[in-house]
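Colleague:
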Amino acid sequence: MDLRIEQLQAWAHECGFASLGVADVDLADAEPGLLAWLAAGFHGEMDYMARHGMKRARAGELVPGTVSAIMVTMDYAPADAAWVEHAWATLADGERAYVSRYALGRDYHKVVRARLQRLAGRIEAQVGPFGYRVFCDSAPVMEAELARRAGLGWRGKHTLLLDARRGSTFFLGTLYTDLRLPASAQVGDHCGRCTRCLDACPTGAIVAPYRVDARRCISYLTIELHGPIPEALRPAIGNRIYGCDDCQLACPWNRYAQPQGGEFAPRAGLDAAALVELFAWSAADFEARLAGSPIRRIGHERWLRNIAVALGNAGGGASVVAALRTRAGDPSPMVREHVAWALGRAPGRAPAPPVAQSRPAGQAAHRDEPNPVQNAGSAAGSPGRPPDPP
C-alpha cells in the first residue's frame, strides 16, 4: 500500500514531531564538501567524523537496502516568550552559568528516538513489516543535509537548519527505510545578505558562510573536546559551561521559534545557576542531578574544567576566588590547570573581552558540510534586537 506524505505528516504530529519530510539518500554531491571539511581538520578531535569514511553520505553502506530517509523535527525553544532576552541577560551575568537551551531539559536523543520508533510502528501497522533504522545525532548520518533535501528548511550560514516558521530551535531525527517514497519539495535559502550569525560568534568559528571550524566552536570546546581548552580561546567562552547559542540568539528567524515545555523544560536548577554552586557539586551530585540530561555524558571532570574557565572570566570576586581555591588540589591535573589559570586572572582583573579571530579570506564555503552539534547552536554577540528577516 502506498504511503502519502500527508498521512506520514499526520502520524508525525501525533508522535510529537513538528514537521516531517522525505529525502532521497543519494548524497554523492555532498561528499566533496565533507571531504574538504575533514581535510581542513575542522573536525578537531571528533575522530568519529572521519572514522566511518563516506558512510555519512552513503546511507546504503550504513544500513543496507536504504532508499529513503524520513526526516522529522522536534521543537525545544523554552516556553518563556522572552527566552531570547533571558538568554542574553544570563550571558551578561558573569557569575551565573549559561547552558545551551537545548540541554536544559531531558536528553533529546532518547526522546526523539522513542518517538521515531512510535512513528515506525504506525507505518508498519499500515504497510506491514518493513526495513528501517532510527537515528538522532548518534550515527554517521548527514542529518542537516538530509533534512534540507526533505524540504524541512534551508541551511543557515551557521550550517544549522532554518525553518521560516520556526527558526532553528529544533532537533532532527532520521528514519532510514527500504520503502521507496517520493521526495518532498525543497525550500529556498532565505538568509539573504544577513551575517548576524557570523558576526555574533565569540571565537570566529564560522570562518565563512556555511563553513564552521569546530576547533574554535564553544559547543565543541565545552562538549566534544576531552583535553584542556586552548588558553587563547578561554576568555571568549565567558560563562558558557555547556554549549553555546549565540549564533541562534542573533538570528532574526528565531523570533518565530516555537515554545516547548514538558520534557525540554529546565531541570536541576540549571538555568542561570550560580557558577560557584555548580562548581561545588561532587561527582555523586553531578551523576544524580544530571540523570537523564545530555550534559551527563561529558562527565564530572570536564564539567569542572568548563566551570573553572567560566569562573576565570567572572571578574575575580571573593566568592569566585574562594570557590576556585577549593579545587586547587583537585585529583585531576586538567582541572587543577584550569583552576590555576582562572586564579591567575582573578586578582584585580576584569574578564578579558571576547576577541574573535578574523575569518580567513578566500575560504571555500560548503553548505553540505556537517555542523559540530546538530541544531544545538554555538556563538556571542551584542544582545541588540535583530533586524527583520530578509
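The numbering used here puts the first residue of the sequence shown at 135, with every later residue one more than the last. We put the CB at the ideal spot given by N, CA and C, even for glycine. Model, not experiment: these values are computed from the prediction.
Among the residues of its own chain, which have a CB less than 7 Å from the CB of Arg230, if the five just before and after it don't count?
Modeller: Residue numbering aside, residue 230 sits at position 96 when the sequence shown is read from its first letter. So the list reads Thr224, Asn373, Ala406, Ala407, Ala408, Leu409, once near-sequence residues are dropped.
Colleague: In whole angstroms, give me the CA-to-CA distance for Asp160 and Asp464.
Modeller: Reading the sequence shown from its first residue, position 26 is the one you call residue 160. Reading the sequence shown from its first residue, position 330 is the one you call residue 464. Each residue's Cα considered, the two are about 50 Å apart.
Colleague: Can you list the alpha helix (DSSP H) stretches of 4 or more residues lying completely in the stretch 356-439, in chain order?
Modeller: The qualifying runs are 368-371, 380-383, 409-413, 417-423.
Colleague: For Arg190, which residues in the same chain have their Cβ closer than 6 Å to its Cβ, ignoring the five residues on either side in sequence?
Modeller: As a working mapping, residue 190 is identified with position 56 in the sequence shown. Excluding positions up to five away in sequence, the list reads Pro274, Met276.
Colleague: Starting from the Cα of Arg282, find the closest Cα among Gly262, Gln260, Tyr266, Leu306 and give me that residue.
Modeller: Against the sequence shown, residue 282 aligns to sequence position 148. When only C-alpha atoms are compared, the closest one is Leu306.
Colleague: What are the start and end residues of the beta strand (DSSP E) that includes Ala157?
Modeller: Stepping through the sequence shown from its first residue, residue 157 is reached at position 23. Note, Ala157: beta strand (DSSP E), 153-158.
Colleague: If contacts are defined as beta-carbon pairs under 8 Å, then Cys331 and Cys385 qualify, I think. What distance do you get, rounded to the angstrom?
Modeller: Position 197 of the sequence shown, counted from the first residue, corresponds to residue 331. Position 251 of the sequence shown, counted from the first residue, corresponds to residue 385. Sure, about 6 Å apart at Cβ, within 8 Å.
Colleague: Pull up the CB-CB distance for Phe176 and Arg349, whole angstroms please, since I reckon it's below 8 Å.
Modeller: Reading the sequence shown from its first residue, position 42 is the one you call residue 176. Reading the sequence shown from its first residue, position 215 is the one you call residue 349. About 7 Å separates the two Cβ atoms, so the contact holds.
Colleague: Is it true that the CB of Asn447 sits closer than 8 Å to the CB of Thr356?
Modeller: As a working mapping, residue 356 is identified with position 222 in the sequence shown. As a working mapping, residue 447 is identified with position 313 in the sequence shown. Going by C-beta atoms, Thr356 is not nearer than 8 Å to Asn447.
Colleague: Here's the rule: buried if 16 or more other CB atoms are within 10 angstroms of the residue's CB, otherwise exposed. What is Ala422?
Modeller: Counting from 1 along the sequence shown, the entry for residue 422 is found at position 288. It counts as exposed.
Colleague: Report yes or no: do three or more beta-carbon pairs, one from the stretch 232-245 and one from the stretch 389-405, lie closer than 8 Å?
Modeller: The stretch 232-245, when compared against the stretch 389-405, does touch it at the 8 Å Cβ threshold.
Colleague: Kindly give me the distance between the Cβ atoms of Ala298 and His324, rounded to whole angstroms, as I take these residues to be in contact under 8 Å.
Modeller: Locating residue 298 in the sequence shown gives position 164, where the first residue counts as 1. Locating residue 324 in the sequence shown gives position 190, where the first residue counts as 1. Right, their Cβ atoms sit about 6 Å apart.
Colleague: What are the complete beta strand (DSSP E) segments, minimum 3 residues, inside the stretch 254-280?
Modeller: You should have 266-269.
Colleague: Measuring alpha carbon to alpha carbon, tell me which of Ser272, Ala226, Val206 ends up nearest Asp241.
Modeller: The residue you call residue 241 lines up with position 107 of the sequence shown. Residue Ser272 is the option with its Cα nearest to Asp241.
Colleague: Assuming Trp529 and Gly262 make a contact with CB atoms under 8 Å, what is their CB distance in whole Å?
Modeller: One cannot answer for residue 529 here, as it falls past the ends of the chain, which runs 135 to 524.
Colleague: Cα-Cα, which of Thr460, Ala474, Pro428 is closest to Ala237?
Modeller: Numbered from its first residue, the sequence shown carries residue 237 at position 103. For the residues Thr460, Ala474, Pro428, the minimum Cα distance to Ala237 belongs to Pro428.
Colleague: Relative to the C-alpha of Val268, which residue among Tyr210, Asp419, Gln251 is closest?
Modeller: Residue 268 sits at position 134 when you count from the first residue of the sequence shown. Closest by alpha carbon: Gln251.
Colleague: Cutting at 6 Å between CB atoms, please list the residues of its own chain near Ile375, excluding the five before and the five after it.
Modeller: Position 241 of the sequence shown, counted from the start, is the residue given in the question as residue 375. So the qualifying residues of the chain are Ala231, Asn440, Ile441, Ala444.
Colleague: Where does Thr308 sit, in a helix, a strand or coil, going by DSSP?
Modeller: For the purposes of this step, residue 308 is taken as the residue at position 174 of the sequence shown. Strand.
Colleague: Could you name the residues of the same chain whose beta carbon sits closer than 7 Å to that of Glu165, not counting the 5 residues immediately before and after it, in chain order?
Modeller: Sequence index remark: in the sequence shown, residue 165 carries index 31 (1-based). So the qualifying residues of the chain are Met188, Ala191.
Colleague: Look at the Cβ atom of Leu383, then the Cβ atom of Ala216, and state whether they are nearer than 8 Å.
Modeller: Position 249 of the sequence shown, counted from the first residue, corresponds to residue 383. Position 82 of the sequence shown, counted from the first residue, corresponds to residue 216. Result no, Cβ atoms of Leu383 and Ala216 do not sit closer than 8 Å.
Colleague: Tell me the rounded alpha-carbon separation between Gly239 and Tyr390.
Modeller: One-based indexing of the sequence shown puts residue 239 at position 105. One-based indexing of the sequence shown puts residue 390 at position 256. Near 21 Å, if we compare the C-alpha coordinates of Tyr390 and Gly239.
Colleague: Which first and last residues belong to the beta strand (DSSP E) in which Thr303 is found?
Modeller: Position 169 of the sequence shown holds residue 303. Thr303 -> no beta strand (DSSP E), and no H or E assigned at all.
Colleague: May I ask you to list the residues that DSSP assigns as paired with Tyr232?
Modeller: As a first step, residue 232 is located in the sequence shown; it is residue number 98 there, counting from the start. Tyr232 is bridged to Arg374.
Colleague: DSSP three-state call for Val246: helix, strand or coil?
Modeller: Here the question's residue 246 lines up with position 112 in the sequence shown. It is helical.
Colleague: Which word fits Pro198, buried or exposed, when buried means at least 16 other C-beta atoms lie within 10 angstroms of its C-beta?
Modeller: Here residue 198 refers to the residue found at position 64 when the sequence shown is read from its first residue. Pro198 is exposed by the Cβ-count criterion.
Colleague: Please report the residue range of the alpha helix (DSSP H) in which Met183 lies.
Modeller: Here residue 183 refers to the residue found at position 49 when the sequence shown is read from its first residue. Met183 -> alpha helix (DSSP H) spans 182-185.
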